[in-house]
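Residue numbers (our numbering): 1 to 114.
Just so you know, even glycine gets a beta-carbon here, dropped at the ideal spot from N, CA and C.
Heads up, the thing below is written out as C-alpha coordinates.
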(Lines of atoms letter the chains of each structure in order from A and count residues from 1; the text may use other names and numbers.)
(Lines give C-alpha, C1' and ligand atoms only; values in the text may rest on other atoms or scores of the structure.)
Protein backbone atom coordinates (compact mmCIF):
# COMPACT_ATOMS: atom_id res chain seq x y z
CA UNK A 1 0.00 0.00 0.00
CA UNK A 2 1.36 3.40 -1.03
CA UNK A 3 0.97 6.13 1.50
CA UNK A 4 0.11 9.62 0.36
CA UNK A 5 2.29 12.45 1.64
CA UNK A 6 1.19 14.51 4.59
CA UNK A 7 -0.87 17.63 3.95
CA UNK A 8 2.08 19.72 5.07
CA UNK A 9 4.31 18.28 2.35
CA UNK A 10 1.57 18.79 -0.23
CA UNK A 11 1.32 22.42 0.82
CA UNK A 12 5.09 22.89 0.58
CA UNK A 13 5.17 21.30 -2.87
CA UNK A 14 2.42 23.66 -4.02
CA UNK A 15 4.34 26.65 -2.72
CA UNK A 16 7.54 25.45 -4.38
CA UNK A 17 5.66 25.17 -7.66
CA UNK A 18 4.38 28.74 -7.40
CA UNK A 19 7.87 30.03 -6.56
CA UNK A 20 9.41 29.00 -9.88
CA UNK A 21 11.24 31.95 -11.34
CA UNK A 22 11.87 33.65 -8.02
CA UNK A 23 15.53 34.56 -7.47
CA UNK A 24 17.99 32.63 -5.24
CA UNK A 25 16.66 31.44 -1.86
CA UNK A 26 13.26 32.91 -2.60
CA UNK A 27 12.62 29.93 -4.84
CA UNK A 28 13.97 27.25 -2.47
CA UNK A 29 13.42 28.10 1.20
CA UNK A 30 9.86 27.80 2.42
CA UNK A 31 9.83 30.87 4.64
CA UNK A 32 11.34 33.04 1.93
CA UNK A 33 8.93 31.60 -0.63
CA UNK A 34 5.96 32.61 1.50
CA UNK A 35 7.27 36.14 2.05
CA UNK A 36 8.08 36.60 -1.63
CA UNK A 37 4.74 35.12 -2.67
CA UNK A 38 2.84 37.57 -0.46
CA UNK A 39 4.92 40.48 -1.74
CA UNK A 40 4.33 39.43 -5.34
CA UNK A 41 0.59 39.32 -4.68
CA UNK A 42 0.63 42.86 -3.33
CA UNK A 43 2.63 44.07 -6.32
CA UNK A 44 0.21 42.37 -8.70
CA UNK A 45 -2.76 44.03 -6.98
CA UNK A 46 -1.16 47.47 -7.24
CA UNK A 47 -0.24 46.89 -10.88
CA UNK A 48 -3.80 45.84 -11.70
CA UNK A 49 -5.26 48.99 -10.15
CA UNK A 50 -2.68 51.13 -11.96
CA UNK A 51 -3.48 49.44 -15.27
CA UNK A 52 -7.19 50.13 -14.79
CA UNK A 53 -6.49 53.77 -13.98
CA UNK A 54 -4.22 54.26 -17.00
CA UNK A 55 -6.63 52.59 -19.43
CA UNK A 56 -9.53 54.68 -18.15
CA UNK A 57 -7.48 57.85 -18.61
CA UNK A 58 -6.43 56.92 -22.13
CA UNK A 59 -10.00 55.93 -23.01
CA UNK A 60 -11.25 59.32 -21.82
CA UNK A 61 -8.53 61.10 -23.81
CA UNK A 62 -9.40 59.19 -26.99
CA UNK A 63 -13.10 59.91 -26.60
CA UNK A 64 -12.36 63.56 -25.92
CA UNK A 65 -10.17 63.70 -29.03
CA UNK A 66 -12.93 62.25 -31.18
CA UNK A 67 -15.56 64.56 -29.71
CA UNK A 68 -13.35 67.62 -30.23
CA UNK A 69 -13.14 66.81 -33.95
CA UNK A 70 -16.94 67.00 -33.95
CA UNK A 71 -16.88 70.32 -32.08
CA UNK A 72 -18.15 68.95 -28.76
CA UNK A 73 -16.60 69.05 -25.30
CA UNK A 74 -16.29 65.79 -23.38
CA UNK A 75 -17.88 67.21 -20.24
CA UNK A 76 -20.85 68.58 -22.19
CA UNK A 77 -21.27 65.22 -23.92
CA UNK A 78 -21.30 63.38 -20.57
CA UNK A 79 -23.75 65.82 -18.98
CA UNK A 80 -26.19 65.58 -21.88
CA UNK A 81 -25.83 61.82 -21.88
CA UNK A 82 -26.74 61.79 -18.20
CA UNK A 83 -29.60 64.26 -18.66
CA UNK A 84 -31.18 62.12 -21.36
CA UNK A 85 -30.85 58.97 -19.26
CA UNK A 86 -28.44 57.15 -21.55
CA UNK A 87 -26.51 54.74 -19.36
CA UNK A 88 -23.44 53.90 -21.44
CA UNK A 89 -19.96 54.04 -19.99
CA UNK A 90 -16.93 55.48 -21.79
CA UNK A 91 -15.66 52.06 -22.83
CA UNK A 92 -18.90 51.21 -24.64
CA UNK A 93 -19.13 54.59 -26.33
CA UNK A 94 -15.50 54.41 -27.47
CA UNK A 95 -16.04 50.90 -28.84
CA UNK A 96 -19.05 52.18 -30.76
CA UNK A 97 -17.02 55.06 -32.15
CA UNK A 98 -13.99 53.00 -33.12
CA UNK A 99 -15.65 49.83 -34.34
CA UNK A 100 -19.04 50.85 -35.66
CA UNK A 101 -18.48 54.51 -36.59
CA UNK A 102 -21.47 55.49 -34.52
CA UNK A 103 -21.54 59.17 -35.43
CA UNK A 104 -25.31 59.10 -35.56
CA UNK A 105 -25.41 58.11 -31.86
CA UNK A 106 -23.24 61.10 -30.98
CA UNK A 107 -25.42 63.53 -32.90
CA UNK A 108 -28.61 61.98 -31.51
CA UNK A 109 -27.30 62.40 -27.97
CA UNK A 110 -26.48 66.05 -28.50
CA UNK A 111 -29.43 66.95 -30.68
CA UNK A 112 -28.72 69.56 -33.32
CA UNK A 113 -26.11 71.37 -31.17
CA UNK A 114 -22.49 71.69 -32.17
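Using a Cβ-Cβ cut-off of 6 Å (strictly less than) and excluding sequence neighbours within five positions of residue 74, which residues of its own chain qualify? What you label residue 74 is simply residue 74 of the chain shown in a count that begins at 1. Excluding residues within five positions, the ones whose Cβ falls inside 6 Å are 64 and 67.
Would you mind giving the Cβ-Cβ distance between residue 27 and residue 20, rounded to the nearest angstrom? I have them listed as a contact below 8 Å. Taking the first residue of the chain shown as position 1, residue 27 is located at position 27. Taking the first residue of the chain shown as position 1, residue 20 is located at position 20. Correct: roughly 7 Å between the Cβ atoms.
Using only the alpha-carbon positions, how far apart do residue 47 and residue 14 sit? Locating residue 47 in the chain shown gives position 47, counting from the first residue. Locating residue 14 in the chain shown gives position 14, counting from the first residue. The straight-line gap from Cα to Cα measures roughly 24 Å.
Contact set for residue 94: own chain, Cβ-Cβ below 7 Å, skip 5 residues either direction: Stepping through the chain shown from its first residue, residue 94 is reached at position 94. Taken in chain order, the residues that qualify are 59, 62 and 63.
Just how far apart, CA to CA, sit residue 10 and residue 23? What you label residue 10 is simply residue 10 of the chain shown in a count that begins at 1. What you label residue 23 is simply residue 23 of the chain shown in a count that begins at 1. Answer to the nearest angstrom: the Cα atoms are 22 Å apart.
What residue does the alpha helix (DSSP H) around residue 80 start on, and which one ends it? Numbered from 1 along the chain shown, position 80 holds the residue referred to as residue 80. Looking at the DSSP string, the run of the alpha helix (DSSP H) that includes residue 80 is 74-83.
In the structure shown, what three-state DSSP assignment does residue 6 receive? As a working mapping, residue 6 is identified with position 6 in the chain shown. Looking at residue 6 - three-state DSSP - the assignment turns out to be coil, as it is neither helix nor strand.
I need the straight-line Cα distance from residue 30 to residue 39, nearest angstrom please. Residue numbering aside, residue 30 sits at position 30 when the chain shown is read from its first letter. Residue numbering aside, residue 39 sits at position 39 when the chain shown is read from its first letter. Computed Cα separation, rounded: 14 Å.
So, with DSSP's three-state summary, where would you put residue 21? As a position in the chain shown, residue 21 is number 21, starting the count at 1. Of the three classes helix, strand and coil, the one that applies to residue 21 here is coil, per DSSP.
For the alpha helix (DSSP H) containing residue 57, list its first residue and its last residue. For the purposes of this step, residue 57 is identified with residue 57 of the chain shown, where counting begins at 1. From DSSP, the alpha helix (DSSP H) with residue 57 extends over 30-69.
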